[in-house]
Every structure is written in structure tokens, then in C-alpha cells.
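S.K.: The structure follows.
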Amino acid sequence: MVTPIRVAVIGGGRSGEHDVSLASAAAVANALDPGRYDVVRLTIERDGRWREGAGPVVNLAAAVKVLAGCDVAVPMVHGLRGEDGSLAALLEFAGVPYAGSGVQAGALAMDKWATKVIAEAEGIATAPGVVLTAATAEQYRWTGPVVVKPVAAGSSQGVTLVSEPAGLGPAVRSALSFDDRILVEDVITGREIDVAVLGRADGTRVVSPALEIAVDGFFDYTAKYDGSARFLVPAPLTTDERAALEHAALLMYEALGCGGVARIDFFLTPAGPVLNEVNTAPGFTEHSQVPRMFAAAGTAYPMLLDLLVGDALAGRS
Numbered sequence: 001m002v003t004p005i006r007v008a009v010i011g012g013g014r015s016g017e018h019d020v021s022l023a024s025a026a027a028v029a030n031a032l033d034p035g036r037y038d039v040v041r042l043t044i045e046r047d048g049r050w051r052e053g054a055g056p057v058v059n060l061a062a063a064v065k066v067l068a069g070c071d072v073a074v075p076m077v078h079g080l081r082g083e084d085g086s087l088a089a090l091l092e093f094a095g096v097p098y099a100g101s102g103v104q105a106g107a108l109a110m111d112k113w114a115t116k117v118i119a120e121a122e123g124i125a126t127a128p129g130v131v132l133t134a135a136t137a138e139q140y141r142w143t144g145p146v147v148v149k150p151v152a153a154g155s156s157q158g159v160t161l162v163s164e165p166a167g168l169g170p171a172v173r174s175a176l177s178f179d180d181r182i183l184v185e186d187v188i189t190g191r192e193i194d195v196a197v198l199g200r201a202d203g204t205r206v207v208s209p210a211l212e213i214a215v216d217g218f219f220d221y222t223a224k225y226d227g228s229a230r231f232l233v234p235a236p237l238t239t240d241e242r243a244a245l246e247h248a249a250l251l252m253y254e255a256l257g258c259g260g261v262a263r264i265d266f267f268l269t270p271a272g273p274v275l276n277e278v279n280t281a282p283g284f285t286e287h288s289q290v291p292r293m294f295a296a297a298g299t300a301y302p303m304l305l306d307l308l309v310g311d312a313l314a315g316r317s
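The sequence shown maps to residues 1 to 317 in UniProt numbering.
Rendered as C-alpha cells:
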């Protein structure tokens, strides 16, 4: 009889994406084949304490002991103190193989300014923008429509499209409530296209079909989760458009040092792709963008999870 693989699926976290992370973790845990996997459900509560299943909350030391008894971990903690490399660092110290990106890639991709710098160095266009803090924000002068966002936050939290000068102050204050550094970027007019890259343990890369986000208005936090957005996958693209997007996505995946699955988000303009951001721990319910993209290529959700777990056990991708 084959011994099941003991998999720790970790959700929750201390960021504003706690509930989204819980949904991703629950979907993953439910989809893992019970005939192959012994799933250990771990939740990081909002106060930082941990919980196994429906059991009592425990401290970090007790949680690490549980993790050390697992063969592999699947972190589904989005945002700060999770996706930013924090959780990867904990798993590294605990000696537990894990699916997804490592410490460096998580930290770089979570920092939207660092991502922009790397993209520009790779020849990938990004929206013109500046970094502001509470101390420098008053010096910024309105020149036209902008998007204001925290440097390090996910799920479009604290992101505001500012179409007139009067909206700038409230947008800046909102973004600063999520991070002490914010980005103010020129508005890019283009189609919103996502591409996912899966790094395999043997060094190969699998690029998903592209997905287009169709939404009336701005794709903000509400639009992401209220069901109003429509996802078109595969996105209707020309051969040249598809090649340009895939090339840019692979460049960013490699430049950041990503592992497992990463979602690279672009605006597709007449001049070509403009990078928006890179997500190393994207939403991962069966109906989230990344699983939809791979399903369109014939890789069903449980199969995608099998690949992530298997590659994590085989070695860092």
C-alpha cells in the first residue's frame, strides 16, 4: 500500500487578503486527491497565531512542529507576511519543501517598484511613475490621470484611479493606509491581459493561454471579487501579440527567479505589452484566473495541483 504524501496547505495570514487566502487554501485542500495525499489544513489567524484544522490556536513553535512532520507545503497566503517571501523563509528554516516561489522572488515581486526597475532593465515597458511617502507626497503635482497604489499590497487594495485633481489627496491617503511607500503611475490605455508561467522541476517552463479581463470601468478590489468581471480565455490575440506577451512573461519569471506558478499581468497597447505586476501567490480557487488559464490548455485543477506538489518534492523549480 502506497503511503499518502502528507501535504500542509496553509491559508489565512495577517494581511488584508486573509479571507481571499482562506478561499484559495480551502479550494486546494478540497481538490487534492485523498487517495494520494494526507492533507493538513493550517490557518494563520489575523493575529499571527496558527491553527490546525478546527483545533485550538497555537504559537509558531507548535506550528513549525506540525510543518516539520509534513512532506511538502502548499502556501496559499496572499499579500504581506506570506507572498512577500516571509512564509517561504519560514519553510526554508523548517526544512519543508514547498510549492511556489522562494524568498527572493516573493520579496521582489511583492515590491511593485522593484518589479518595475527589473522590468525596465529587461526591456519591458512599464507605466511611467514615481514612488512617494508620507513625507514626499505633498510635493507631488497633478499632471493628468493617474493610478495610485501601495508599493506592496495585493488584490488591488488601496488602488485608486484618479481622474481629476480633487481625487488625488484621498487616493494618496488610502494607499498610505496600506503601505508607507506608494506608487503614482500614469494611466495606461490597453487591454488587461494575464499570462501564467509554471516552472517545472526539470527546468522547463509551461506558459498558459492568455486571459483577458473584461470589466466595465476600473478593475479594482470590488470588481475582482463581486463577479462583475468577465474572463476571456484564451484571450483573442494575434500570433504576434501572443508571442510578445509570452516572451515578456518568461523574461519576468526568470529575472525575478520565480518558482512554481506565477501570474504576470499586462496592459496590451498598440505599442506592445506594458507590465502591470507579477503575482507569485495568485488566487487559486478553481475559478481563479490561473487555474482557468491552465484548464483552457487541458490541465485540470487537480492535475495542476499534482504538478505543483510533485515538482516541489522533486526540487525547486
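The C-beta atom is built at its ideal place from N, Cα and C for all residues, glycine as well. Keep in mind that this is a model prediction, so the values were computed, not measured.
#1: For the alpha helix (DSSP H) that contains Gly106, what are its first and last residues?
#2: Helix, strand or coil: which one does DSSP assign to Ala223?
#3: Using three-state DSSP, classify Ile264 as helix, strand or coil.
#4: Report yes if the CB atom of Leu176 is closer than 8 Å to the CB atom of Val151, and no otherwise.
#5: Short of 7 Å in beta carbon distance, which residues of its chain neighbour Tyr225, apart from the five on each side in sequence? Order them along the chain.
#6: Can the beta-carbon of Leu87 be found closer than 8 Å to that of Pro75?
#7: Across which residues does DSSP place Glu52 in a beta bridge pair?
#8: Just to confirm my understanding: we take Ala223, look at its own chain, exclude 5 residues before and 5 after, and list those with CB closer than 6 Å. What are they?
#9: Exposed or buried, which one is Phe93 when buried takes at least 16 other CB atoms within 10 Å?
#10: Could you tell me whether the segment 111–129 touches the segment 154–173, using the rule of 3 or more Cβ pairs below 8 Å?
#11: Apart from the five residues just before and just after Val246, which ones in its own chain have a Cβ nearer than 6 Å to its Cβ?
#12: Buried or exposed: where does Ser163 fall if 16 or more other Cβ atoms within 10 Å of its Cβ makes it buried?
#13: Expressed to the nearest angstrom, what Euclidean distance is found between the alpha-carbon atoms of Asp220 and Thr3?
#14: Within 10 Å of its beta-carbon, does Asn59 have 16 or more other beta-carbons around it, so buried, or fewer, so exposed?
#15: What's the C-alpha gap between Ala68 and Val7?
#16: Is Arg242 helix, strand or coil by DSSP?
#17: Measuring CB to CB, does Ile5 end up less than 8 Å from Arg41?
#18: What residues match up with Gly272 in a beta bridge as DSSP calls it?
#19: Throw me the rounded Cβ distance for the Val131 and Arg191 pair, which I believe falls under 8 Å.
#20: According to DSSP, is Glu192 part of a helix, a strand, or is it coil?
#21: Please specify which runs of the beta strand (DSSP E), each continuous and at least 3 residues long, are wholly inside the segment 115–157, giving them in chain order.
#22: Thinking C-beta only, is Gly82 closer than 8 Å to Ser15?
#23: Sorted by chain position, which residues of the same chain lie with C-beta nearer than 8 Å to Ala134's C-beta, five sequence neighbours on each side aside?
#24: CA-CA distance, Asp306 and Gly283?
M.R.: According to the structure data:
#1: Here residue 106 refers to the residue found at position 106 when the sequence shown is read from its first residue. First-last of the alpha helix (DSSP H) with Gly106: Val103 to Met110.
#2: Numbered from 1 along the sequence shown, position 223 holds the residue referred to as residue 223. Model confidence at Ala223 stands at a pLDDT of 49, short of 50, so the residue's coordinates are unreliable; what they give is reported in the following sentence. The answer is helix: DSSP assigns Ala223 an H, G or I state.
#3: The residue labelled residue 264 in the question sits at position 264 within the sequence shown. Looking at Ile264 - three-state DSSP - the assignment turns out to be strand.
#4: Residue mapping note: residue 176 aligns to position 176 of the sequence shown, counting from 1. Residue mapping note: residue 151 aligns to position 151 of the sequence shown, counting from 1. Contact flag unset, no.
#5: Residue numbering aside, residue 225 sits at position 225 when the sequence shown is read from its first letter. The pLDDT assigned to Tyr225 is 48, lower than 50, so where the model puts this residue is not dependable; a value taken from the coordinates is nonetheless given after this. Taken in chain order, the list of residues that qualify is empty.
#6: Indexing the sequence shown from 1 puts residue 87 at position 87. Indexing the sequence shown from 1 puts residue 75 at position 75. Yes, they are a contact pair.
#7: The sequence position of residue 52 within the sequence shown is 52, counting from 1. DSSP lists Leu42 as partners of Glu52.
#8: Mapped onto the sequence shown, residue 223 falls at position 223. Residue placement at Ala223 is flagged as unreliable, the pLDDT there being 49, under the threshold of 50; the coordinate-derived value follows with that caveat. Cβ neighbours of Ala223 beyond the five flanking positions: Val215 and Ala229.
#9: If you number the sequence shown from 1, residue 93 lands on position 93. Per the 10 Å Cβ criterion, exposed.
#10: no
#11: Counted from its first residue, the sequence shown places residue 246 at position 246. Note on identity: in this sequence residue 246 is Glu, with Val being the wrong assignment. Same-chain partners within the cutoff: Val207.
#12: Translated into the one-based positions of the sequence shown, residue 163 becomes position 163. It counts as exposed.
#13: As a first step, residue 220 is located in the sequence shown; it is residue number 220 there, counting from the start. As a first step, residue 3 is located in the sequence shown; it is residue number 3 there, counting from the start. Legend: pLDDT at Asp220 = 48, less than 50; position of this residue unreliable, no value from coordinates given.
#14: Translated into the one-based positions of the sequence shown, residue 59 becomes position 59. So Asn59 counts as exposed.
#15: Position 68 of the sequence shown holds residue 68. Position 7 of the sequence shown holds residue 7. Between Ala68 and Val7, the C-alpha separation is close to 11 Å.
#16: Position 242 of the sequence shown, counted from the first residue, corresponds to residue 242. Three-state DSSP puts Arg242 in a helix.
#17: As a first step, residue 5 is located in the sequence shown; it is residue number 5 there, counting from the start. As a first step, residue 41 is located in the sequence shown; it is residue number 41 there, counting from the start. Against a cut-off of 8 Å, the Cβ pair of Arg41 and Ile5 comes out as no contact.
#18: On the sequence shown, position 272 is the one that residue 272 refers to. Answer is Thr269.
#19: Indexing the sequence shown from 1 puts residue 131 at position 131. Indexing the sequence shown from 1 puts residue 191 at position 191. Incorrect: roughly 27 Å between the Cβ atoms, too far for contact.
#20: Here residue 192 is taken as the residue at index 192 of the sequence shown, counted from 1. It is a strand residue.
#21: 129–132 and 146–150
#22: Looking up residue 15 in the sequence shown gives position 15. Looking up residue 82 in the sequence shown gives position 82. Taking 8 Å as the Cβ cut-off, Ser15 and Gly82 qualify as a contacting pair.
#23: By 1-based counting over the sequence shown, the position of residue 134 is 134. Cβ within range, chain order: Leu176 and Asp180.
#24: Residue mapping note: residue 306 aligns to position 306 of the sequence shown, counting from 1. Residue mapping note: residue 283 aligns to position 283 of the sequence shown, counting from 1. Rounded to whole angstroms, Asp306 to Gly283 spans 17 Å at the Cα level.
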